[in-house]
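Keeping their order, the protein sequence lines are chains A and B. With the first letter of the first sequence counted as 1, position 68 gets the number 63 in my numbering; the numbers rise by one all the way through. With the first letter of the second sequence counted as 1, position 181 gets the number 173 in my numbering; the numbers rise by one all the way through. Quick reminder that beta carbons are idealized off the backbone N, C-alpha and C, glycines included. These figures come from a predicted structure and were not determined experimentally. Notes follow the structure.
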Amino acid sequence: MQMRDTGLGFSPITIGLHWLIAAAVAVMAWLGLSAGQTDAGAAKAELVAMHSTLGTALFVVAAYRLWARLTSYHPLPVGTPNPIEVMISRSVAVALALAPVLLPLDGWLAMSAAGDVVRLPGGIALPAIVAPNPEVEYFARLLHKIGAYAFLAGLALHIFGAMKNHFVLKNDTLKRMLGKRVEL
Amino acid sequence: MMQPIQQDDMHAAPMGPAAALCGIRYPVFQAGMAGISGPALTAAVSNAGGLGHLGGLRLPPLALRKWIRETRALTDKPFGVNIVPSFGGPEVFEAQFRVILEEKPRVVSLFYGDFAEMIPRAKAAGITVIVQVGSVALARQAIAWGADILVAQGAEGGGHLNRGTIGVLSLVPAFVEIAEGRPVLAAGGITDCADVRAVLEVGAAGVWVGTAFVASDESLAHDLYKQKIVEATIDDTEYRTGYSFGWKFGTPHRVIPNRKKWNPIKYVGGGARVIDKPEMAEKLSLYAGQGVGKIHGIVPAAERVAELVAGFSSWRAGDCRTAAPLLQAVA
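Rendered as structure tokens:
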């Protein structure tokens, strides 16, 4: 099995992780937005705990994905796209790979600064990375919110590009990420 | 305007060792230019007695094979394919190289990489190998790998360059000295017959020309790109080591810099193709060599070849328009 991406195609690992992370991010966004709209209490605590657990798992997977993305060649684009569009789309894709690494770290910082403990299944608790500090908590939460919305904006652009390639340009860009072998 | 080359002359013996190695009449080589030198330009140069080169960089293997076959449909003369391992990684380069080994164009030209393993494979397939380099150290390396022909690329050249800023008139004799009899082609700023005479004088066996062929009817450059080359003066190109599309940051290249305010794309070097939007030509800093000041129009590639071929003929007053004022002054 091809373990790494090359200029000629994605590895099955990349394709699998792409869709796994996409699903996890969708759940993360729903949990995060739901928690933000829920009053303090057991329900909110439950949503935050699930968000933290999934965020921790996502961090591990996304860190590998980012490392693989930065240390592998990327498959050549399908068709003959505008070079500027290629530069923009690849920058957005790297930013989207970076966000699930940075946002969980920022979330851990925010919870530590708030004096909360990140609890994982099996009774595991992540150690606090800073002492409780309201100012750090404020900025960490603000960054988390800005980062999350910037991520969603980038994701919208990413999906728009995929749809444009599939429906307007009618090429195999999307199908390639769904596992189709595209000869270049 | 240069007279077209006569058909009778085209069937005469190759002019010198570089032409003989490549099976062509005149040692006028059109540089491979990614996205710019496609089948039409390549075939036009080869049909005119020179050696056209497909620009294979950034061309996926399937498209490269298609271009080679399209070129074969347009000419029965030899032509070359230029590939550079700076885009897409080693798997893409190997796949491109396999296409070349299968399709067997007469020549493959290489730039900017380690070709120790590839050159013997190309030669075993009967393909003549040209390596373009910009320093004596790199030329020695290319000779050790088995290159048949060296291109001495002076820093006057447009597009990508090796690190260093040696001019072509210094580079050619230095290469000739170490080439062990291999032909050395001169590249960098060569546009007309006077340039050809200058480099012949220092030992070149032929010329390697890019920018002048960008501004030809058959090139795939965007019309605005061609127009910028025509309008540029000798002062208008710049040596850069920043970002150029698809290349590692810091790779040296020469462009006509874009000076527009509030245009971040001006820091990117590139070439605008006919299939690109006009904004590409308007906003990028466009690849071009120092010969731009002597390019005054967009002409058929065969006319460019004829202009350069005139430089190989014996000296006659008035052969080159640039020589006339000098001769008058001497008289």
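Counting only runs of 4+ residues, the alpha helix (DSSP H) found wholly inside the region 164 to 235 of chain B occupies 185 to 193, 203 to 206 and 215 to 223, in chain order.
Assignment of beta strand (DSSP E) within the region 95 to 127 of chain A, counting only whole runs of 3 or more residues, yields 113 to 115 and 119 to 121 in chain order. Unbroken beta strand (DSSP E) runs of no fewer than 3 residues, entirely contained in the region 74 to 125 of chain B, are found at 99 to 103 and 120 to 125, following chain order. Taking a contact to require three or more Cβ pairs closer than 8 angstroms, the region 238 to 257 of chain B and the region 277 to 284 of chain B qualify as touching. In this chain, the beta strand (DSSP E) harbouring valine 20 of chain B covers 20 to 22. If you ignore the 5 residues before and after asparagine 166 of chain A, its C-beta comes within less than 6 angstroms of the C-beta of Val73, Gly74 and Asn160, all in its own chain and listed in chain order. Proximity of asparagine 77 of chain A to chain B, defined by a Cβ-Cβ separation below 9 angstroms, is satisfied. Beta-carbon to beta-carbon, arginine 57 of chain B and valine 91 of chain B are separated by about 5 angstroms, close enough to satisfy the 8 angstroms threshold. In the DSSP assignment, glutamine 133 of chain B falls within the alpha helix (DSSP H) that extends over 128 to 137. Under the three-state reduction of DSSP, serine 305 of chain B is assigned to coil, being neither helix nor strand.
The beta-bridge partner set that DSSP reports for glutamine 145 of chain B consists of B:Ala179.
Comparing alpha carbon positions, the residue from B:Ala178, B:Arg61, B:Gly81 and B:Gln88 closest to alanine 10 of chain B is B:Ala178. Residue range 260 to 262 is occupied by the beta strand (DSSP E) that includes valine 260 of chain B. Under the 8 angstroms Cβ criterion, the region 36 to 44 of chain B does not count as touching the region 82 to 90 of chain B, having fewer than three qualifying pairs. Out of B:Thr67, B:Lys253, B:Ala55 and B:Gly80, the CA that lies nearest to the CA of proline 70 of chain A is found in B:Gly80. About 5 angstroms separates the beta carbons of valine 20 of chain B and valine 297 of chain B, which is inside the 8 angstroms limit, making them a contact pair. Contact between the region 31 to 41 of chain A and the region 101 to 112 of chain B is absent, with fewer than three C-beta pairs closer than 8 angstroms. When DSSP states are grouped into helix, strand and coil, valine 73 of chain A belongs to the coil group. In the DSSP assignment, the residues bridged to tyrosine 279 of chain B are B:Val247.
Of the other Cβ atoms in all chains shown, fewer than 16 fall within 10 Å of the Cβ of arginine 155 of chain B; this residue is therefore exposed. Using beta-carbon distances, glycine 81 of chain B counts as an interface residue toward chain A, with a partner under 9 angstroms. Under the DSSP assignment, leucine 46 of chain B falls in the beta strand (DSSP E) whose first and last residues are 45 to 47. Within a 10 Å sphere around the beta-carbon of methionine 106 of chain A sit 16 or more other beta-carbons, which makes this residue buried.
Serine 236 of chain B and phenylalanine 167 of chain B have their C-alpha atoms spaced approximately 28 angstroms apart.
Alanine 204 of chain B is positioned such that its CB atom lies no closer than 9 angstroms to that of lysine 218 of chain B. Of the candidates A:Phe155, A:Lys140 and A:Pro122, A:Lys140 places its Cα closest to the Cα of leucine 97 of chain A. Under DSSP, valine 291 of chain B takes part in a beta bridge, and its partners are B:Ser208. Linking threonine 9 of chain A to valine 81 of chain A through their CA atoms gives a straight-line distance of about 19 angstroms. For the 9 angstroms CB-CB criterion, proline 292 of chain B and glutamate 210 of chain B form a contact. Secondary structure note for arginine 155 of chain B: it is in no alpha helix (DSSP H), with a DSSP letter that is neither H nor E. Distance from the CA of aspartate 101 of chain A to the CA of valine 55 of chain A, rounded to the nearest whole angstrom, comes to 14 angstroms. With a cutoff of 9 angstroms on beta-carbon distance, valine 164 of chain B and isoleucine 141 of chain B are scored as not near each other. Rounded to the nearest angstrom, the gap between the Cα atoms of proline 116 of chain A and lysine 269 of chain B is 54 angstroms. Comparing alpha carbon positions, the residue from B:Lys96, B:Val194, B:Leu153 and B:Glu83 closest to valine 73 of chain B is B:Lys96. Across the structure, serine 29 of chain B and leucine 43 of chain B are spaced so that their CA atoms are roughly 12 angstroms apart.
Under the three-state reduction of DSSP output, glycine 238 of chain B falls in the coil class, being neither helix nor strand.
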